[in-house]
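Set out below in structure tokens:
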């Protein structure tokens, strides 16, 4: 997957004042239901762009889903988590989380962080999840992003404030501490899906980013560039993306 490099300037064009491009999605509040717009065929095909599938594509997809359900296999794409996330990628941990091995050893599965999150962005991994991860908190930006408690009163990020075991380090709501201690993941752009890289000016991800201008910049056609050194992986960009499948996704940063 190609990644953008360099810095750009933000276009004055607003995505809210233009027609929705084919394949865009408008989701409900919890991200569970999405309306996907149709559109004409292009070189990637309607199925990739979100248009109406052919009868053959529909039958093929139905067969895959049926086989997965019949065999008791969890097919991530059924819940709309994306074409390449069905392989269960490493979970995104809450802000301030220790490195994964230390986190798993320290977290007592009390889920106080899940209850404390003002945006209801954290959920518990199912009991029986491989690797001893069952019962631990994770972030799923497709449904709700970490807002870094920007609209909530208090000095600290709520989830880090209530953690009794130290699995989450206490994080003050200052830009310095957020950059230092919040390493949820890093956003990655799929250039084949991103509207701004395919002649549709968008910029939804940039406008949603709480660290816009640092973690995310835009250039011509509002083409986004992720700056890994500044991205904390909050997922606001992924949640805001109007493309379906999403063209920007947060993944655990490689060591």
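Numbering (the numbering used here), first residue to last: 1046 to 1300.
Each residue gets a CB set at the ideal place from its N, CA and C atoms; glycine is no exception.
Quantities reported herein were computed from a predicted structural model and do not represent experimental measurements.
- DSSP places residue 1167 in the uninterrupted beta strand (DSSP E) bounded by 1167 to 1169.
- Minimum Cα-Cα distance from residue 1226 among the listed residues 1257, 1216, 1206 and 1170 corresponds to 1216.
- Remark: C-beta atoms of residue 1279 and residue 1170 do not approach each other more closely than 8 angstroms.
- Pairing residue 1210 with residue 1153, the inter-Cα distance amounts to about 7 angstroms.
- Under a 10 Å Cβ-count criterion, residue 1230 is classified as buried, with 16 or more other Cβ atoms of the shown protein chains found around its own Cβ.
- Remark: C-beta atoms of residue 1189 and residue 1284 approach each other more closely than 8 angstroms.
- A distance below 7 angstroms between beta-carbons, with the five flanking residues on each side excluded, links residue 1148 to the following residues of its chain, in chain order: 1138, 1142 and 1212.
- Taken in chain order, the unbroken stretches of alpha helix (DSSP H) that lie wholly in the stretch 1272 to 1298 and span 4 residues or more are 1281 to 1285.
- Per the C-alpha coordinates, the member of 1240, 1160 and 1196 positioned closest to residue 1265 is 1240.
- Within the same chain, Cβ atoms closer than 6 angstroms to the Cβ of residue 1162 are found at 1204, the five residues on either side in sequence being excluded.
- In this structure, residue 1275 and residue 1259 form a Cβ contact; the two beta carbons are roughly 4 angstroms apart against a cut-off of 8 angstroms.
- The beta carbon of residue 1159 sits closer than 7 angstroms to the beta carbons of 1167, 1168, 1169 and 1182 from its chain, once the five residues preceding and following it are set aside; these are given in chain order.
- Less than 8 angstroms separates the beta-carbon of residue 1232 from that of residue 1271.
- Between the alpha carbons of residue 1287 and residue 1146 lies a gap of roughly 35 angstroms.
- When secondary structure is reduced to three states using DSSP, residue 1148 falls in the helix class.
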